[in-house]
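Chains as they are written, first to last, in my numbering: chain P, 12 to 124; chain W, 297 to 410. Glycine included, each C-beta is placed from N, C-alpha and C at the ideal position. Worksheet: the structure to be examined is printed underneath.
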């Protein structure tokens, strides 16, 4: 089944403790991205990647890192999480950046205390 | 990016048609109209897209006004599973670095009553 998977689905952590949220897709998509969703602010793009080893900032990249060493994986790294990064995170992928249809993962709910 | 305006909420009864409107008066000639929906506790899901002509797929139909300043997503027979937030998004497939980015507004919360 074609899908985007994220792990973990739920995470509660403390300020400053490094964490990684994994994202994987099995559709051989070139384009992958991370969004965060906050009440009243909608979904905002954090980082995106157009292909292996090619990443760039989205609208709200501060406090986040990403890497794209393999085509199927696009992990989101929070080196020193802070409470304002408490949010619902979605990974998305598409065949290319111009593709009409993007596929979203199920989401990771992160709470930073 | 051109802005879209949608009603905050709409309601429908099960098995009735639903027409979800979207206004985009500042749309440019190269902007495609996309619709996504987000079911409760899930990620957004692509529904349909179009440029000028009306479009149909297995999920819905998209009716685009002749002047392209508005569009309507049509669910022909609403089911309980269609209860979701529906987002109308404009996107230019040839626009530079923001090409892949989807700008989600607040969308329309659709409630379907049994």
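Using 8 Å as the threshold, is the C-beta distance between residue 119/P and residue 25/P below it?
Taking the first residue of the first chain as 1, we reach residue 119/P at position 108. Taking the first residue of the first chain as 1, we reach residue 25/P at position 14. Going by C-beta atoms, residue 119/P is not nearer than 8 Å to residue 25/P.
Alpha-carbon spacing of residue 382/W relative to residue 313/W, whole angstroms
Along the second chain, one-based indexing puts residue 382/W at 86. Along the second chain, one-based indexing puts residue 313/W at 17. So the alpha carbons of these two residues sit roughly 15 Å apart.
Less than 8 Å between the beta carbons of residue 368/W and residue 316/W, yes or no?
The sequence position of residue 368/W within the second chain is 72, counting from 1. The sequence position of residue 316/W within the second chain is 20, counting from 1. Taking C-beta atoms as the reference points, residue 368/W and residue 316/W count as a pair closer than 8 Å.
Close-in-space but distant-in-sequence residues of the same chain around residue 20/P (CB under 8 Å, 5 per side omitted)
Residue mapping note: residue 20/P aligns to position 9 of the first chain, counting from 1. Cβ within range, chain order: 117, 118, 119, 120.
Decide if residue 65/P is buried, meaning its Cβ has at least 16 other Cβ atoms within 10 Å, or exposed.
Here residue 65/P refers to the residue found at position 54 of the first chain. Burial call: exposed.
How many angstroms separate the CA atom of residue 18/P from the CA atom of residue 68/P?
Your numbering for residue 18/P matches position 7 in the first chain. Your numbering for residue 68/P matches position 57 in the first chain. Straight-line Cα distance between these residues: approximately 22 Å.
Taking Cβ positions, are residue 396/W and residue 42/P nearer each other than 8 Å?
Along the second chain, read from residue 1 onward, the residue named residue 396/W stands at position 100. Along the first chain, read from residue 1 onward, the residue named residue 42/P stands at position 31. Against a cut-off of 8 Å, the Cβ pair of residue 42/P and residue 396/W comes out as a contact.
Distance cutoff 8 Å, beta carbons only. Does residue 118/P sit that close to anything in chain W?
Within the first chain, residue 118/P is the residue found at index 107, counting from 1. It does; some Cβ of chain W falls within 8 Å.
Locate the beta strand (DSSP E) running through residue 374/W, then write down its first and last residues.
Within the second chain, the letter at position 78 stands for residue 374/W. In the DSSP assignment, residue 374/W falls outside any beta strand (DSSP E), carrying neither H nor E.
7 Å Cβ cut-off: residues of chain W touching residue 44/P
What you label residue 44/P is simply residue 33 of the first chain in a count that begins at 1. What residue 44/P touches in chain W: 396.
Hey, is the stretch 298–310 of chain W in contact with the stretch 342–359 of chain W, meaning 3+ C-beta pairs nearer than 8 Å?
No: the two stretches stay apart, fewer than three of their Cβ pairs being nearer than 8 Å.
What would DSSP say about residue 304/W, mapped onto helix, strand or coil?
As a position in the second chain, residue 304/W is number 8, starting the count at 1. In this structure, residue 304/W counts as coil in the three-state DSSP scheme.
Give the secondary structure of residue 113/P by DSSP, where H, G and I count as helix, E and B as strand, and everything else as coil.
Locating residue 113/P in the first chain gives position 102, counting from the first residue. Three-state result, residue 113/P: coil.
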